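**Q** Questions regarding the structure given below will be posed in turn.
Protein chains in written order, with our numbering: chain A, 51 to 160; chain G, 4 to 120.
Structure, rendered in structure tokens:
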């Protein structure tokens, strides 16, 4: 079956860049997403990338996709304390449900 | 932009009681998905509906059932509640045929936090 993996924890200093990595197994994934979840809150869509793209930039966020290695990364530039949250990588095929990774807990140190 | 609406936002029940969670999808979306997120876990897919018919089934217990109505809203019915059912339940919606998802569109609702005592 489909599987999505992420490292569980990441700690960075305020102002540094954060890079959160994700690997997936389903080579037919159409869309790949990054969601942010703050404590006790819902899933906030941060950004997405189509499988036929290799990079997408959106303000402080840069998504890189290596389709050959099935590797997705999210880079957050100038990380702030408000970025502390759990970041979920998710993949989805056209018309199918989301498959989520376990989430990476990002801690931003002052 | 309109988002997915879920109600109630919080629900407290006792063991063996029943609960009904409601989801109102983004207008014109025809597909609804339900997910369960336990404490410290990633969301797990339960069930989905497309045009009021069940389209896919995940790890949904037999004690749970769901349906999608003519106005496309969906309800998740949970019976004989157990302590382990305490979780955040998310609904998500999509429009099949939507090939350019917008980052302004929140696919997921805010969730219903169910606590079983």
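For glycine and all other residues, C-beta sits at the position ideal for the given N, C-alpha and C.
Note that the structure is a prediction, hence the values are computed from the model and not measured.
Helix or strand or just coil, what does DSSP make of residue 131(A)?
**A** Within the first chain, residue 131(A) is the residue found at index 81, counting from 1. It is helical.
**Q** Determine the DSSP secondary structure at residue 60(A), reduced to helix, strand or coil.
**A** For the purposes of this step, residue 60(A) is taken as the residue at position 10 of the first chain. Residue 60(A) falls in the strand class under three-state DSSP.
**Q** Return the Cβ separation of residue 127(A) and residue 110(A) in integer angstroms, given the expectation that the two are a contact with Cβ distance under 8 Å.
**A** Residue numbering aside, residue 127(A) sits at position 77 when the first chain is read from its first letter. Residue numbering aside, residue 110(A) sits at position 60 when the first chain is read from its first letter. At roughly 5 Å, the Cβ-Cβ gap stays under 8 Å, so residue 127(A) and residue 110(A) are in contact.
**Q** Are the CB atoms of residue 148(A) and residue 67(G) within a distance shorter than 8 Å?
**A** Residue 67(G) sits at position 64 when you count from the first residue of the second chain. Residue 148(A) sits at position 98 when you count from the first residue of the first chain. No, the Cβ-Cβ distance between residue 67(G) and residue 148(A) is not below 8 Å.
**Q** According to the Cβ coordinates, are residue 129(A) and residue 66(A) closer than 8 Å?
**A** For this step, residue 129(A) is matched to residue 79 along the first chain. For this step, residue 66(A) is matched to residue 16 along the first chain. Yes. Within cutoff.
**Q** Residue 96(G) touches chain A at which residues, Cβ-Cβ below 9 Å?
**A** Reading the second chain from its first residue, position 93 is the one you call residue 96(G). Chain A residues near residue 96(G): none, gap ~12 Å exceeds 9 Å.
**Q** Express the C-alpha separation of residue 10(G) and residue 25(G) in angstroms, rounding to a whole number.
**A** Here residue 25(G) refers to the residue found at position 22 of the second chain. Here residue 10(G) refers to the residue found at position 7 of the second chain. Whole-angstrom Cα-Cα distance: 5 Å.
**Q** When DSSP labels each residue in this structure, what does residue 91(G) get in the three-state scheme?
**A** Position 88 of the second chain, counted from the first residue, corresponds to residue 91(G). Three-state DSSP puts residue 91(G) in a strand.
**Q** Give a yes or no on whether the minimum CB-CB distance between residue 59(A) and chain G is below 8 Å.
**A** Numbered from its first residue, the first chain carries residue 59(A) at position 9. No, its Cβ sits nowhere closer than 8 Å to a Cβ of chain G.
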